[in-house]
């Protein structure tokens, strides 16, 4: 095929386009942080997961140590069953506890890991049962209402 | 008025179906010509130069201003909720998912689609296609297929340029002008943009729009009446049809991609 002066300009155009794609992949989508590292899968039971979504972060001390891989329902215990992909670099004791937290007031929900004190570490396939559910605003409000109603009633009783 | 006569309705239906069938056969013919077209890549290269390089300026400038405006509007709304740092995420997601592919396709229809239609229509009215057929050269393979495949190659690249320049435009307004923290700007963006579901789907959209716009432009040019008036009408129809089809197709693709 004969060369032409268009070769240079078309080459530049294609390179600019590809550079833009690479820029978007690296800077906007942060390709480098995609984790291809090995993980181990553990499961956990929660009474209530609130608004937790798949791919939500698992953090310990604020550092991301894993991701939520899947959410399903256990119809024998009537609890939510969460699969967690934990980063293989980080080990946690077997009696670690999990709780569902919210980043900021309106932020997304994530799972916080609090390390326990056991000698053995969590391994693939382990099940964590010491969990704390998500805070459900409706339950909090109804609790508060019942408490204040009880408080309002008790001095009345005491007076009589 | 006799438009309601059954025979007229039947004729109109038959003609519409024939047009659709002709368009579909034309489309498959262009798709089937991928091999022969790539074997003579110099034709495609010249079309990439014509469609791509000359559209680069309008795409980059539009992307910059769309990025500016998105950042300004996004900052105004987000700062009411105390999350002005999310402006980077908002700019990136709106560009990658919707505005990048759609606005690029609309600009591409106006900038490159019209010139394709006018060129093909004028070649047809000058009976150049008949002359080629006399020389045993297939005009669809020689003239139309290279333009079709060049358009499909060019659109994703132009969209990527539009998106990248738009993100930079959003950065220019947010960080140096308004004073959003640069670390939060990028980290919010990187935390919220997914490489496959956002960037990847945007690329798929831009390829689909490239096929749509280029095909509409070529078909309108090829079917144009070989008169000055016919070419003018075909050029107008290219812009109208391509824009409407891009917007409709965008709704369908968005419904398929982002509504799980």
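Protein chains in written order, with the working numbering: chain A, 1 to 160; chain B, 1001 to 1260.
Note that the Cβ used here is the ideal one computed from N, Cα and C, for glycine as well.
Closer than 8 Å to chain B by CB, residue i
i	result
residue 29 of chain A	yes
residue 149 of chain A	no
residue 10 of chain A	yes
residue 7 of chain A	yes
residue 17 of chain A	yes
residue 160 of chain A	Legend: pLDDT at residue 160 of chain A = 47, less than 50; position of this residue unreliable, no value from coordinates given.
residue 23 of chain A	yes
residue 92 of chain A	no
residue 144 of chain A	no
residue 20 of chain A	yes
residue 14 of chain A	yes
Within-8 Å CB hit, residue i to chain A
i	result
residue 1247 of chain B	no
residue 1190 of chain B	yes
residue 1031 of chain B	no
residue 1076 of chain B	no
residue 1186 of chain B	yes
residue 1052 of chain B	yes
residue 1064 of chain B	no
residue 1201 of chain B	no
residue 1061 of chain B	no
residue 1167 of chain B	yes
residue 1229 of chain B	no
residue 1195 of chain B	yes
residue 1046 of chain B	yes
residue 1181 of chain B	no
residue 1056 of chain B	yes
Classification of residue i by the beta-carbon crowding that lies within 10 angstroms, buried from 16 upward
i	result
residue 1076 of chain B	exposed
residue 141 of chain A	exposed
residue 1163 of chain B	buried
residue 1021 of chain B	exposed
residue 159 of chain A	Caution is warranted here: a pLDDT of 46 is assigned to residue 159 of chain A, below 50, making its placement in the model unreliable, and the coordinate value is therefore given only provisionally. So residue 159 of chain A ends up on the exposed side.
residue 1177 of chain B	exposed
residue 1016 of chain B	exposed
residue 1009 of chain B	exposed
residue 149 of chain A	exposed
residue 88 of chain A	exposed
residue 1004 of chain B	exposed
residue 1201 of chain B	buried
residue 5 of chain A	exposed
residue 143 of chain A	exposed
residue 1028 of chain B	exposed
residue 1036 of chain B	exposed
residue 1033 of chain B	buried
residue 154 of chain A	exposed
residue 1006 of chain B	exposed
residue 1011 of chain B	exposed
Nearest to residue i (by Cα), restricted to the options the options
i	options	result
residue 1086 of chain B	B:1248, B:1042, B:1192 and B:1235	B:1192
residue 1150 of chain B	B:1250, B:1045, B:1195 and B:1073	B:1045
residue 1074 of chain B	B:1171, B:1225, B:1014 and B:1223	B:1171
residue 125 of chain A	A:50, A:7, A:28 and A:83	A:83
residue 58 of chain A	A:117, A:7, A:99 and A:132	A:99
residue 1219 of chain B	B:1115, B:1158 and B:1198	B:1115
residue 26 of chain A	B:1212, B:1246, B:1199 and B:1106	B:1199
residue 56 of chain A	A:86, A:78 and A:40	A:86
residue 1240 of chain B	B:1108, B:1185 and B:1174	B:1108
residue 129 of chain A	A:138, A:112, A:111 and A:96	A:96
residue 1229 of chain B	B:1118, B:1011 and B:1068	B:1118
residue 51 of chain A	A:137, A:113, A:75 and A:30	A:137
residue 118 of chain A	A:108, A:74, A:7 and A:91	A:91
residue 69 of chain A	A:112, A:80, A:53 and A:79	A:53
residue 1194 of chain B	A:114, A:29 and A:133	A:29
residue 1025 of chain B	B:1254, B:1056, B:1012 and B:1215	B:1215
residue 20 of chain A	B:1187, B:1188, B:1256 and B:1167	B:1167
residue 134 of chain A	A:8, A:39, A:23 and A:109	A:109
residue 39 of chain A	A:151, A:123, A:72 and A:152	A:123
residue 1254 of chain B	B:1213, B:1203, B:1232 and B:1211	B:1203
task = Decide if the segment 96–105 of chain A is in contact with the segment 63–72 of chain A; the criterion is three or more beta carbon pairs, one per stretch, under 8 Å apart.
result = no
Segments of 4+ residues assigned as alpha helix (DSSP H) that fall wholly inside the segment 1030–1055 of chain B = 1034–1039 and 1041–1048
key: Entirely enclosed beta strand (DSSP E) segments - the segment 72–98 of chain A, minimum 3 residues   = Entirely contained in the segment 72–98 of chain A, the beta strand (DSSP E) runs reaching 3 residues are, in chain order, 79–87.
request  = Run through the segment 105–129 of chain A for me and flag every whole beta strand (DSSP E) of 3 or more residues, listed as ranges in chain order.
outcome  = 109–114
request  = Say whether the segment 1136–1148 of chain B touches the segment 1027–1047 of chain B, bearing in mind that this needs 3 or more beta-carbon pairs closer than 8 Å, one atom from each stretch.
outcome  = Touching, per the Cβ criterion.
task = Say whether the segment 1221–1228 of chain B touches the segment 1122–1140 of chain B, bearing in mind that this needs 3 or more beta-carbon pairs closer than 8 Å, one atom from each stretch.
result = yes
The segment 10–29 of chain A / the segment 39–46 of chain A touching (three or more Cβ pairs under 8 Å) = In short, these stretches do not touch, since the Cβ pair count stays below three.
key: Any 3 or more C-beta pairs closer than 8 Å across the segment 1227–1246 of chain B and the segment 1128–1138 of chain B   = no
message = Can you confirm whether the segment 1083–1103 of chain B touches the segment 1241–1256 of chain B when touching is taken to mean that 3 or more C-beta pairs between the two stretches lie within less than 8 Å?
response = yes
request  = Enumerate, from N- to C-terminal direction, the unbroken alpha helix (DSSP H) stretches of 4 or more residues contained entirely within the segment 1166–1227 of chain B.
outcome  = 1182–1192 and 1201–1223
inquiry  = Please give me, in chain order, every unbroken run of the alpha helix (DSSP H) with length at least 4 that falls completely inside the segment 1091–1125 of chain B.
reply    = 1100–1108 and 1114–1125
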